[in-house]
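Heads up: the structure comes next, in structure tokens.
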Amino acid sequence: MKESIVSFLSHKMTRALTASLLLLVLLFTAFPAYAEEGAADPHISIMIPLFSTALFIMLVMYIHQAWFRDQQLYAHKLGSRQPLLLGAALSIGFLLRLYLAATNEGYVNDLALFHYWGNYALDEGLLNLYHGDFFLDYPPAYLYVLYVVAAIQKLLGISYGGTGFLILYKLPALIADLLAAYYIFKQANKKLVFPMAFGLMLLYLFNPVVLLDGAVWGQVDSIFTLLIVLSIGYFANDKISEGSFVFALAALMKPQAFIFMPIVLLVLLYQKRWKTVAISAAWGFGTFLLLSLPLFLKGDGITQLIELYRGTLSSYAYATLNAFNTYMLFDLNWASTELMFAGISLAGFGTLAIIAAVIYAGYIGLFRKGSEKPLFFIGASLIIIVFMFVTKMHERYMFPAILLLMMAFIQSADRRLLHLSYGFTITNTLNIYSVLAFSKTTTLVPNDGVAFLCSLANVALTLYLLYVGYDLYVRGNVKQLAAREKQEQLAHAEQMVAKANGSDSEKEAGEQPRKWYQFGMTRKDWGLVAAVTAIYTVVALINLGSTDAPKTVWQPATTEDYIVLDLGESKPLQRIISFGGVGSGEYRYSFSNDGVSWSDEQIVAHDHVAVFAWKETNVAVTARYVKLLASSTGFSLHELGIFEQGSETPLPVQLASSYVPQGAVRGEPGNVIDEQSIVPYHHTYMVGSYFDEIYHARTAYEHLEGLKAYESTHPPLGKLLIAIGIQLFGLGPFGWRIVGALAGAAMLPIIYVMAKAILRRTSYAAGAMILFAVDFMHFTQTRIATIDVYGVLFIMLMFLFMNQYARMNFYRDRLLHTFIPLGLAGLFFGLGIASKWIVFYGGAGLAIMLAITLLRRYTEYRNAGLLLQGNDGSKPAKSLKVKAEQIRKKFVPYTISTLAICLLFYVAIPAAIYALANIPVLKPAEGGYTLQALIDYQVNMFNYHSNLVSSHPFSSTWWEWPFMKRPVWYYLDSAPLEGMRSTIVALGNPLIWWTGLFTMLATTVVSIRRKDGMATMLVIAYFSQYVPWMLVPRETFLYHYFAMVPFMIVSIMYMFKLLEEHYKWNSKIRYAFVSLAVLLFIMFYPALSGMMVSESYILNVLRWFPSWVF
């Protein structure tokens, strides 16, 4: 047993999963997700940084795959064009920076200060600069630069705030960017081949955080970083005097240079020659004093200089100033450093962090293996540790780490250092962008999902950095980039051409390729699916809603219309309850004993929330006659019941008289009392509408009746499907909910088939189906008559068939056969967008999957070409020659045909479905169904969603959904039995959702590392629907996460499968996991279904957090 545990813990995947689990634990302890609600935070869209980082990732992937992996090939191809490429890249990088500088006003306060300081120095003289009565916290070095910039501005007559001003004041940083990129190239070209050196230069030149900091923001961190890197470069090459000189310039640039002082001490320690140490110290101190003291001679000289640095370093006494670090993770942004925790102030923790950073730097520097001085890595680790754990950090202080990590890679050739630079690039891009975007309204960046996730990612990256430093420099383990040689390229080409004759993943699994309609289902699978689906359907239909609801209706035409109801004799009345129909208006009850004199008038407002609901009006009057007078028209009533005090049975009633001079708009006055047997004493979800049913069930009814639709904020197909249920089962809760409930049941076979196709084992597919069946959101959301269920149903189907297409290969399968799953995915995409626009997000995922599939075909096409060019006449190569030639022949026409057919499947057919679905909406409207009316309808719909900024008490943002911070409370019985409670809430099964977040992240890592196409589908399906919500500024709700849940559940089973491939006993954990999920469903069933239970059970057992209000 002990040996198996050791084996388990030593496995790479297990270590990765364990680390992820620890981060997940940290996530739950740190994230303030379950606190009571406070004021709403300001919101920004992160579309720009996400788009820029996506482009950067694509650049990274291309450079790694082509230039780094096939570097020898590209070195040969590039040949004499190297100088041209170098010049072109630098020119394009510079022009891009000029464009960004000219079109972005940057951080206005910083540029305003730079302008003021430079012009003050120019007008009053440099020697007077530090003696004016204004804010100035920069050391002298950059003020010399600003002096020159101001002089140029004055010479050229450039006005403040214009395009020329923006370019001029950002120009020094832009030049530093180019110099840094060229320095990377020069240093890399000494140790590596040209393609790798050039690729590294491109990765810095077009790095989004570098572009953002200088060209967009207008800051000068790139100059400071260049000086730090140059000084470390000199130190690493034993040029101590030169390094000391440049380091002094860096210290005169920004006080943050002192963070790197341990490097200077290490270098001097390495020398062991005191004469060299003395000379180097003289160079450093001499430079520092020579360039700084003249500016302080009019003041207190060296004392004032020291005070400047002391004041700068001691200012901003806050835990963090918008830096996405450990303090931001624990919601301590702009918190005082005097705040105490465990008897230590935050400032004290910062001091401890400084000590830890120095110890770590010393450990790496003194106990390294080999003669190479790891100074660049030590520099990166110092700035990162300080940024993450020391107080008073600003958002840009980690900027030097990107260049330092790239230089450390050049020095050591360990690919993990590059990976770290990419990770910190993404988090720092989002950090700096957030501060810049919020700067227009506030200096305090809220601890939203972006801040929290970036802070968490930075913690993970920092821990990984510490491990890499130990593993690389102390243990001597180097993880180099694997470059393919010519023979390896040919072998890879042979493999790719061979695989083109069969599905990659299935070949690896030893299985035969499947047809488009084959999912690996057996008779046993279908039997299991039928059994679980039947059980679920029975559970879902229990107490779904009453099949009895008023069918007839009366809608008065004028404000003179009234009806008089006769109870037969005077009765002490307690309540009148009415079932409202579509429309809004107002009516009045009045009472009489003789039918002549009327009193005790009560006004009843019939608004949109009264539709298909029993509206209770409590009265305390004795009367025989009840008059209902329309005081404003537009409303309609289906039924009305009158209750005597002490009775819950409606009184017998007759229509005494009515006055409808112009006739009714719909129905007859007697219709309001013709279905008395179904009148309830009290409104519940069983007999009427709740939550958004007042919109969607209403609109479905309006479509059936040919009325103008009230709800016009979503496409109509989902409401037409609801209308089918009403048509078949009548106007009532069961009728308008049944189709959604059956759609929810239909999702179970779909997720089973999907899981079986991906995981290939019945036990995993069954686990996924059962987990989905007992997910709270799936159960609740499919039992309410809203349209989300239909969108999710079609999303599941379209990804199911797109996955089937991705498994096929038009080099192996008939081209027309590949069109079938491709077309079915397009069909369900069309049905989906006609139901709810969220399906557009999934459509982007389909496009990505199609692009990846065609990219695989191109890779096979490219490798077929390499194979044909490199064929040496050997027998194995000859056997593949025919296949390679077929691939070369088929790729272009088959790709064009596929893209052309996609115009039909994903444009024409969805457009036709969408247009046809809108007929019931637009036909009753004024002007009828026209193309212009269709377009205007969509524009109005878009404007509604894009401008939705209302504050709903149960709204939540995208980063809160996986944690279920704010469930959506749908229903509460307003008059339950004493001590009892009937409620309905939309939330997820905690075990599934919280584990699913972890497994989804793990699946993402696995899909990248193992290049597993099945895992890739899950990742694309999940994130293509999740990421767009990060960009939406409108109000959002937890149920918007519903579309991601099926893929998250399959990812849970996927990770179980991977673990069980190595450790069979993990199957017991899987069985326990599924069983616990079922138990949680049973435990929460009352709050999901509206079942009447003890109020204390709901409040004390099920409400786990204060923000879980139901």
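According to mature numbering (1 follows the signal peptide of the UniProt record, and there is no 0), the stretch in the sequence shown is residues -35 to -1, 1 to 1075, in order. Don't be surprised by glycine CBs; every beta carbon is placed ideally from N, CA and C.
- [ ] Would you list, in sequence order, the uninterrupted alpha helix (DSSP H) runs of no fewer than 4 residues that lie entirely inside the segment 872 to 951?
- [x] 874 to 882, 884 to 887, 896 to 911
Open item on the list: Tell me the rounded alpha-carbon separation between G276 and D102.
Closed with: 8 Å
TODO: Would you check if there are 3 or more beta carbon pairs closer than 8 Å linking the segment 615 to 625 to the segment 651 to 667?
DONE: no
- [ ] Determine contact between the segment 79 to 90 and the segment 186 to 203, defined as no fewer than three beta-carbon pairs at a distance below 8 Å.
- [x] no
Open item on the list: Is the separation between the beta-carbon of I798 and that of H661 shorter than 8 Å?
Closed with: no
Open item on the list: Measuring straight from C-alpha to C-alpha, what distance separates S921 and L956?
Closed with: 20 Å
- [ ] Locate the alpha helix (DSSP H) running through P537, then write down its first and last residues.
- [x] Run containing P537: none in the alpha helix (DSSP H); it sits in the beta strand (DSSP E), 527 to 545.
Task: Three or more C-beta pairs below 8 Å linking the segment 944 to 960 and the segment 975 to 986 - done: no
Open item on the list: Distance check for M305 and I9, CA to CA, integer angstroms please.
Closed with: 32 Å
TODO: Using alpha carbons as the reference points, say which of Y552, K536, E925 lies closest to A585.
DONE: K536
Task: Three-way DSSP call (helix, strand, coil) for M305 in this model - done: strand
Task: Through-space distance from N154 to N912, alpha-carbon basis - done: 53 Å
TODO: Would you kindly report the start and end of the unbroken beta strand (DSSP E) that includes T981?
DONE: That residue, T981, is in no beta strand (DSSP E); its alpha helix (DSSP H) goes 978 to 996.
Open item on the list: Going by DSSP in three states, P786 sits in which element: helix, strand or coil?
Closed with: helix
Open item on the list: For the beta strand (DSSP E) containing D565, name the first residue and the last one.
Closed with: 564 to 571
- [ ] Take the Cβ of G475 as the centre, count every other Cβ of all protein chains shown within 10 Å, and call the residue buried at 16 or more, exposed below.
- [x] Any reading at G475 needs caution, since the residue's pLDDT is 41, under 50, leaving its predicted position unreliable; the model's value is listed next. By the 10 Å Cβ count, G475 comes out exposed.
Task: Top-ranked residue by Cα proximity to F261, from G97, L833, W959, A711 - done: G97
Open item on the list: Does H384 come out as helix, strand or coil in the three-state DSSP assignment?
Closed with: helix
TODO: Count the other CB atoms, across all protein chains shown, that sit within 10 Å of the CB of L758; report buried if there are 16 or more and exposed otherwise.
DONE: buried
Task: Test item: CB-CB of P993 and Y879 under 8 Å - done: no
- [ ] Tell me whether residue 1077 is buried or exposed, calling it buried when 16 or more other Cβ atoms sit within 10 Å of its Cβ.
- [x] Since the displayed the chain opens at -35 and closes at 1075, residue 1077 lies outside it and no answer follows.
Open item on the list: With distance defined between alpha-carbon atoms, name the residue in F1007, V886, S612, V443 nearest to S677.
Closed with: V886
- [ ] Assign L214 to one of two classes, buried (16 or more other C-beta atoms within 10 Å of its C-beta) or exposed (fewer than that).
- [x] buried
- [ ] Note the first and the last residue of the continuous alpha helix (DSSP H) segment covering I749.
- [x] It is not in any alpha helix (DSSP H) - I749 carries neither H nor E in the DSSP assignment.
Task: Between the CA atoms of L538 and Y590 - distance to the nearest angstrom - done: 11 Å
Open item on the list: Given a cut-off of 8 Å on the beta-carbon distance, is the pair R62 and A180 in contact?
Closed with: yes
Task: Other residues of its chain near H603: CB distance less than 7 Å, five sequence neighbours each side excluded - done: P515, T517, V518, F544, G546
Task: Residue span of the beta strand (DSSP E) that contains L620, given as start and end - done: 619 to 624
- [ ] Could you spell out where the alpha helix (DSSP H) holding F342 opens and where it closes?
- [x] 340 to 354
Task: Euclidean distance between Cα positions of C419 and F289 - done: 6 Å
Open item on the list: Ignoring anything shorter than 4 residues, give me the alpha helix (DSSP H) runs that lie fully in the segment 279 to 305, in order along the chain.
Closed with: 291 to 294
Open item on the list: When you compare the CB positions of F856 and R821, do they come within less than 8 Å of one another, or not?
Closed with: no
Task: Cut-off 7 Å between Cβ atoms - residues of its own chain near V704, not counting five sequence neighbours on either side - done: L686, I687, I689, G690
TODO: In the DSSP assignment, find the beta strand (DSSP E) that holds V586 and state where it starts and stops.
DONE: 579 to 597
TODO: Check each candidate in T587, L672, F577, G628 and name the one with the smallest Cα separation from H648.
DONE: F577
Task: Whole-Å CB distance - I500 paired with T427, under 8 Å assumed - done: So it is not a contact: roughly 49 Å between Cβ atoms.
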